[in-house]
Every structure is written in structure tokens, then in C-alpha cells.
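Chemist: Residue numbers (our numbering): 43 to 312.
Where a beta carbon is used, it is the ideal one built from N, C-alpha and C, also for glycine.
Values in this document were obtained by computation on a predicted structure and should not be read as measured data.
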Amino acid sequence: MTSFAKGSSVEILLYGATIISWKSGSLQDPTPIERLFLSSKAALDGSKPVRGGIPVVFPCFGAPTHPEHAKLNQHGFARSEKWSWNRTVMDNEVDDAALEPTEKIRRTYDRPFHLAYVVTLAEHQLSTDLHVTNNSTFPPDALEFQALLHTYIQAPANKLLVTPLQNLFYYDKTETTEEAKAKPKVEQRVGVDVKKHTDSVYENASQNYEIIWPEGRVVITSKNFKDVVVWNPQDGGRAISDMEEGGWERKDVDWAAGAECKIMKDRLLK
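Okay, structure coming up:
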């Protein structure tokens, strides 16, 4: 699916409901440019999750830890399933996709749910809304899950800073021992860079961020996504089979904003 709004465009695969391109201009320069990183080695044929763009992560982030997720692969199944296309509202440039349990999904995750993903394109803005519904019968069983939008922002990795993350607790997943990875740190930097291998999970963040570099910036706002992951593998990207050579230099972060939730009824994540 591809939508256009005043020169801007967004391209979405039904496989994983993954946004693979977002082009827009700015208030200073109306010329549309690509805002998302997509590896030239990314598989776009549905054979594996897409390396880049904005994959949808549900119901677990990273390796499964919840008993109900024990049979799942890393990052769950939403990014690896074909979603159904519901509608395109042309006046507002809205695309709407959905995912429900299939026989394949039930073999590894036997919980009733409904995911609706609404993508809205404006001239200088892309909005993504993920609606998670607990479809269990009454009395409803709690649906426990993690959900993230795994955004790859395209920017010069060695020039940028991410703000505001100062004074937040975070977990440094680049530490060499499990004990160190599980020990919270406090972010001291006013602006966080990714000049070295970075994999940091920040808790209870502001949900309003800026990624800035000398030639530009991206503003990110979220709702109900209280945690954020800042990731860039730097030279370690060479060990990732579908990461193009030097790709880590053209993207700043795998910007994963998300939340861990327990819901008895409908819940909106944005």
C-alpha cells in the first residue's frame, strides 16, 4: 500500500504491517526525502522480518520471558504475519490494517486478540496508532503483552544526539554479564549519542523526543509507550546477515518505543 499527501508518501507492506518508506519535506525545504532506514539486504518477500522501516512488535520484545510467550520467537509474531487491509481514507491519507489469530499463530500463542494498525500521513508528519483488543470471553482473562514500534530513523549516526533522556533510569544491554545488564544506570548525558555500539532501554521516558544533527532533526511523540530503546550496532552490524555494509552509519537508532501491558478490556497504544 502507498499513500500520498502534498508530496509526502508512505509505503506499507501487508507482511508484518511494516512501513518500509516515509518521504516528506520540512518547513524549511519542501523537497521530500527518505526519513526511514531500510537495509538494501532486507527481505521484502515475506521470507523473514524486514530489516528497517517500522516493524510492529507484539506480543513480546526480545527473547520471550512470559510463560504464555514461551513458544514464540524473538520479538513475537506480528512482524512476521500477513495482515489484512481494511481501508484507505483518501481525504485524510489513512491506511488501516488488522491482525487476528490464525491457525498458525494459535500453534504458538493461543490467546484471543485483535490488532488494528492505523497509519496517517500528513505533509510533514507520519502518525502510527496500534490498537490492542483483548477478545477473551467473560469473565475476561488478562492479556499480558509487550508492544513496540521498532522504528529505524535514517540520520548520520556519528553526528546525532537524542534528547531528552538525561536523569532517566536505563539498562545497558551492551554490558558483558547478565548481572550488569540487569543493573539500572542513570543517564548523565544531556544528549545521547550512538558513536559506539548502543543498546539502551530507558524506563518511564517523557514520550517526547528529538533526534538532532547539524543538517536536520526528527521530532518523535508517543502516547502510552512509556519506555524507549536506543540501539545502533555500529561495526557489530557486520554480523547481522541482512544489514548492508555501513548501514549502521546511515541510521541513527533502532528507535523502539513501547510498553508492557496487562489489559482486561480494550487498550489503545499510540
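Which same chain residues end up closer than 6 Å to Asp308 when comparing Cβ atoms and leaving out the 5 residues on each side of it in sequence?
Modeler: For Asp308, the pLDDT reaches just 44, beneath the cut-off of 50, and the residue's location in the model is therefore unreliable, leaving the point undetermined.
Chemist: Beta strand (DSSP E) containing Lys65: first to last residue?
Modeler: Unbroken beta strand (DSSP E) run through Lys65: Ile61 to Ser66.
Chemist: Quick check on Ser169: buried or exposed, where buried means 16 or more other Cβ atoms within 10 Å of its Cβ?
Modeler: Counting Cβ neighbours within 10 Å, Ser169 comes out exposed, since fewer than 16 surround it.
Chemist: With 16 other CB atoms within 10 Å as the buried threshold, where does Ala112 fall?
Modeler: The residue in question, Ala112, is exposed, as its Cβ has fewer than 16 Cβ neighbours within 10 Å.
Chemist: Which runs of the alpha helix (DSSP H) at least 4 residues long sit entirely within the region 101-148? Give them in chain order.
Modeler: Here the runs fully enclosed are 145-148.
Chemist: What are the complete beta strand (DSSP E) segments, minimum 3 residues, inside the region 175-251?
Modeler: Listed in chain order, they are 185-196, 203-205, 211-214 and 240-244.
Chemist: Just to confirm before moving on: does the CB-CB distance between Gln188 and Pro101 stay below 8 Å?
Modeler: Yes, they are a contact pair.
Chemist: With 16 as the cutoff for other CB atoms within 10 Å, does Arg231 come out buried or exposed?
Modeler: It counts as exposed.
Chemist: Helix or strand or just coil, what does DSSP make of Arg259?
Modeler: Arg259 falls in the strand class under three-state DSSP.
Chemist: Taking the alpha carbon of Leu210 as the reference point, which residue from His173, Leu190, Ser248 and Thr219 has its own alpha carbon closest?
Modeler: Residue Ser248 is the option with its Cα nearest to Leu210.
Chemist: How close, in whole Å, do the beta carbons of Val99 and Arg77 come, if the pair is a contact with beta carbons under 8 Å?
Modeler: So it is not a contact: roughly 20 Å between Cβ atoms.
Chemist: Give the straight-line distance between the Cα atoms of Leu55 and Gln116, rounded to the nearest whole angstrom.
Modeler: Whole-angstrom Cα-Cα distance: 20 Å.
Chemist: Let me confirm a value: Ile75 is counted as buried when at least 16 other C-beta atoms fall within 10 Å, else exposed. Which label applies?
Modeler: Exposed.
Chemist: In angstroms, rounded to a whole number, what distance separates the CA positions of Ser66 and Ser178?
Modeler: One C-alpha to the other measures close to 40 Å.
Chemist: Report, in whole angstroms, the separation of the C-beta atoms of Tyr159 and Ala59, which I expect to be a contact under 8 Å.
Modeler: Confirmed, Cβ separation roughly 5 Å.
Chemist: Express the C-alpha separation of Asp137 and Thr162 in angstroms, rounding to a whole number.
Modeler: C-alpha separation (whole angstroms): 7 Å.
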